[in-house]
Amino acid sequence: MSITPSGTPASNPPRTGGRLRNEDAHHSVLEATAALLVENGYGALTIEGVAKRANVAKSTVYRWWKSKPTLVMDAYAHGTATHVPEPDTGTLAGDLTAFVADLYRIGRDPVRAEALTGLMAEAQLDPAFAEPFRAWVASRRGVVATLFTRAVTREELPAATDLAHATDLVFGPFWYRLLVAHAPLDPADAEAHVATVLRGLTGR
1 MSITPSGTPA SNPPRTGGRL RNEDAHHSVL EATAALLVEN GYGALTIEGV AKRANVAKST
61 VYRWWKSKPT LVMDAYAHGT ATHVPEPDTG TLAGDLTAFV ADLYRIGRDP VRAEALTGLM
121 AEAQLDPAFA EPFRAWVASR RGVVATLFTR AVTREELPAA TDLAHATDLV FGPFWYRLLV
181 AHAPLDPADA EAHVATVLRG LTGR
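Each residue of the sequence shown is one higher than the one before, starting from 1 at the first, in the working numbering.
In structure tokens, the structure reads:
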């Protein structure tokens, strides 16, 4: 606080420092990357294009992300956490149904589905991209593992449940249907698919 010539205290102007601007720019880059990924696919996406869409310098993008793959997966993780958050309904069936329904909605959107299958294909071909892609996959598996861990604590599942395999059972239909396209990904099927998984895990 400063003192005016009359001797009365005066309020200092609000601080608008670099941290706030950096946070805004960081968010803008992630949003721009996600939008361009959906619009044009991974192959056509460039750092220059992202910087232009986000209205930041190219050097700003490179300061935060060392490569295009790390930027793309950071942006995708940011978007996925928004569209498929961690549910907490109080029951495992409710949690998994909510999660799987949100997951299937992404797979049902042809633009997002194409972007996701493109990322999966790129991860098989580009070793530099495979690492951040698998890190993103692991983060999403971690969300489901948390749901199962809570269920074990609530004694909805046996303590000896193989949580890694259980997580595979949740994501298996999504990836298989997304990549092979032999059957639709319908959010309305989420409850039935979850019930099948839970019958297998609990024997009930």
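Note that CB positions come from ideal geometry on N, CA and C, so glycine has one too.
Item to check | Under 8 Å between C-beta atoms of H193 and V100 | outcome: yes
Checklist entry - What span of residues does the alpha helix (DSSP H) with S67 cover, start to end? => result Element bounds for S67: n/a, residue is neither H nor E.
Next on the checklist: Pairs of beta-carbons, one from the segment 103-123 and one from the segment 50-62, closer than 8 Å: are there three or more?
Outcome noted: In the pairwise beta carbon analysis, the segment 103-123 is classified as not touching the segment 50-62: fewer than three pairs are separated by under 8 Å.
Item to check | CB-CB length for A128 against S67, believed under 8 Å | outcome: 7 Å
Item to check | Distance, A181 Cα to G142 Cα | outcome: One Cα belongs to G142, the other to A181, and the distance between them is close to 26 Å.
Checklist entry - Can you check whether the CB of A135 is closer than 8 Å to the CB of F148? => result No, the Cβ-Cβ distance between F148 and A135 is not below 8 Å.
Checklist entry - L103: which of A57, L201, G41, L178 sits nearest, CA to CA? => result Cα-wise, what sits closest to L103 is L178.
Item to check | Local Cβ density within 10 Å of D74, reported as buried at 16 or more and exposed below that | outcome: buried
Checklist entry - If you compare alpha carbons, which of G200, T161, I106, T89 is closest to W175? => result I106
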